[in-house]
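The next block holds one structure in the form of structure tokens; read it before the comments.
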Amino acid sequence: MNRPNLIHKIARGILFFFFSASILFHISVLSGLVPYSIVWGGRVHDPESMVLLETLSLVLNSIFLIILLGEANLIRLPIPMVGIRGLLWIMVLIFSLNTVGNIYSENVTEQIVFTPVTIIIALCCLVLASGKRHTV
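Quick note on the numbering used here: the sequence shown kicks off at -19 and runs consecutively.
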């Protein structure tokens, strides 16, 4: 396996792990297993807002996972690869901005735990967005 294939494969694996873990995490927040005070910058103060925002998180993470599956050629999407690459660039932007939000979070757990996670996700998306498409 050549180096670009290996780097892309590692980036995909990391993203599969984080998006899957994120989906499970947000389900845990919605179910009350994890307090919602540690998400959304510590700014969610009522259950109704939490349900709305956590549902949004679940939908977005599911979309990110589907994009990743399409990029890896594991599912066929009705989008050309150039469109998938464009979506990956949007993900780079989203997770870069999310990193800034985590840095300025009112919750220390979010700062310490999720800032490095979103940096890693942004970098892995950058690897996939900027490189030639390689299948798994």
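In this text, a Cβ means the ideal position worked out from N, Cα and C, and glycines have one as well.
Exposed unless 16 or more other CB atoms sit within 10 angstroms - verdict on residue i
i	result
residue -8	buried
residue 16	buried
residue 9	buried
residue 64	buried
residue 67	buried
residue 93	exposed
Check whether residue i and residue j have beta carbons under 8 Å apart
i	j	result
residue 19	residue 86	no
residue 107	residue -12	yes
residue 79	residue 99	yes
residue 102	residue 76	yes
residue 81	residue 21	yes
residue 33	residue 24	yes
Contacting residues, own chain, Cβ-Cβ under 7 Å from residue i (five flanking each side not counted)
i	result
residue -4	48
residue 97	-2
residue 44	-1 and 71
residue 95	79, 82 and 83
Residues near residue i by beta carbon distance below 6 Å, same chain, minus five either side
i	result
residue 104	-9, -6 and -5
residue 55	49
residue 57	50
Touching by the beta-carbon criterion (3+ pairs, under 8 Å), the stretch 28 to 40 and the stretch -7 to 6:
yes
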